[in-house]
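Counting from 1 along the sequence shown, just add 3 to a position and that's the residue number in my numbering.
For reference, the structure is listed below as structure tokens.
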Amino acid sequence: MNEKKQIAEALNEVMKEVKGIEKSLKVGVGNAAYSGVADKDVKRIIGSAFQKNGLSILPTDIEAEHEVNRWEEADYNGKIRSKQQVFTSVKTKYLLLHTSGESIEVMGYGHGVDSQDKSAPKALTYALKYALLHLTMAPTGTIDGDVTPSGSITPPPVSKPEAPNDETKENDLPTLNKSSKAFKDVETYFKDNSTTKFEDLLANVNIKYKTTKFTENALKKIHNGTDNKEA
4 MNEKKQIAEA
14 LNEVMKEVKG
24 IEKSLKVGVG
34 NAAYSGVADK
44 DVKRIIGSAF
54 QKNGLSILPT
64 DIEAEHEVNR
74 WEEADYNGKI
84 RSKQQVFTSV
94 KTKYLLLHTS
104 GESIEVMGYG
114 HGVDSQDKSA
124 PKALTYALKY
134 ALLHLTMAPT
144 GTIDGDVTPS
154 GSITPPPVSK
164 PEAPNDETKE
174 NDLPTLNKSS
184 KAFKDVETYF
194 KDNSTTKFED
204 LLANVNIKYK
214 TTKFTENALK
224 KIHNGTDNKE
234 A
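Written out as structure tokens, the structure is:
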């Protein structure tokens, strides 16, 4: 049967063109940081290859589920404030179209977490990004051999923090306090990793910063607000 011959040939050309996509997105801090594939890179690289080969993709159906958790906690001034976390998961369907008129259905899944109204767009972004990656079998990260990833831009080298040895003095580390510029990044790190034990997160932070009891208590409050396992 040759019903989908042209769309299959076009998709094959896309797979030939998209040799790989670099992980240019940095998530988290310290030892818990990891690299990810940016949504904009996936859409730019695969979208360009789609355009060259007469392909387009349209969303046709979304099944969404969401869960809202609300609680109260005291802020740094002792005032009780309401907090919430919204979890959204989506099952999506897309129609991959070819200029010949041929089409095939593509499935996707994604989930997102946010304190306000962005969990749904996060879930939809995740679903489409990985649907495109799986559809084209595009490798991500550093590619072995002499192949240069499509559209890749070599990022500047990032120095990883080294764990202090026995000779490292506590005073050699910068102090992390609530008014410091780094506190916001650390706060986000604790929120994004709320299912990890507080002690493990703090140990990672203490590789780069010296923390005071006041700072540790503030971070624990942030952690407790998003982790039902912590009392």
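Backbone N, C-alpha and C fix where the C-beta goes; we use that ideal spot for every residue, glycine too.
Given the structure is predicted, the values throughout are model-derived calculations rather than measurements.
Residue i beta carbon near the ligand COA (any heavy atom closer than 7 Å)
i           : result
residue 107 : Summarising the ligand content, the structure contains no ligands, and the ligand COA is consequently not present.
Cutoff 8 Å; reference residue i; Cβ partners in own chain excluding five residues on either side
i           : result
residue 202 : none
residue 219 : 205
residue 126 : 67, 91, 92, 93, 113, 114, 115
residue 189 : 32, 179, 208, 212, 222
Cβ neighbours of residue i in the same chain (closer than 7 Å, five flanking residues each side left out)
i           : result
residue 7   : 105, 107
residue 228 : 74, 76, 86
residue 42  : 128, 132
residue 184 : none
residue 72  : 87, 88
Assigned exposure category for residue i - 16 Cβ within 10 Å defines buried
i           : result
residue 70  : exposed
residue 80  : exposed
residue 217 : exposed
residue 118 : exposed
residue 226 : buried
residue 144 : exposed
residue 215 : exposed
residue 198 : exposed
residue 235 : No statement about residue 235 is possible, as the shown extent of the chain runs from 4 to 234 and does not include it.
residue 28  : exposed
Nearest-angstrom Cα separation, counted from residue j out to residue i
i           : j           : result
residue 52  : residue 20  : 7 Å
residue 89  : residue 9   : 43 Å
residue 54  : residue 110 : 20 Å
residue 187 : residue 208 : 13 Å
residue 61  : residue 116 : 24 Å
residue 223 : residue 84  : 16 Å
residue 134 : residue 221 : 39 Å
residue 136 : residue 122 : 21 Å
residue 25  : residue 40  : 7 Å
residue 193 : residue 140 : 33 Å
residue 50  : residue 44  : 9 Å
residue 63  : residue 200 : 40 Å
residue 151 : residue 46  : In this prediction, residue 151 scores a pLDDT of 45, lower than 50, which makes its location untrustworthy; the coordinate-derived value is nonetheless stated afterwards. Straight-line Cα distance between these residues: approximately 18 Å.
residue 59  : residue 82  : 52 Å
residue 130 : residue 78  : 35 Å
residue 99  : residue 124 : 21 Å
Chain B contact for residue i (CB, 8 Å cutoff)
i          : result
residue 46 : No chain B is part of this structure, which consists of one protein chain only.
Cβ-based neighbour list, residue i, same chain, cut-off 6 Å, excluding 5 preceding and 5 following
i           : result
residue 57  : 13, 101, 102
residue 142 : 23
residue 65  : 93, 95
residue 16  : 56
residue 68  : 92
residue 164 : At residue 164, the pLDDT of 44 sits below 50, so the modelled position is not reliable and the matter cannot be decided from this model.
Segments of 3+ residues assigned as beta strand (DSSP E) that fall wholly inside the stretch 24-99: 28-30, 37-39, 58-77, all fully within the stretch 24-99.
Any 3 or more C-beta pairs closer than 8 Å across the stretch 91-103 and the stretch 176-188: The stretch 91-103, when compared against the stretch 176-188, does not touch it at the 8 Å Cβ threshold.
Whole alpha helix (DSSP H) elements within the stretch 184-223, 4-residue minimum: 185-195, 201-208
Uninterrupted beta strand (DSSP E) stretches inside the stretch 102-145 (no shorter than 3 residues): 106-117
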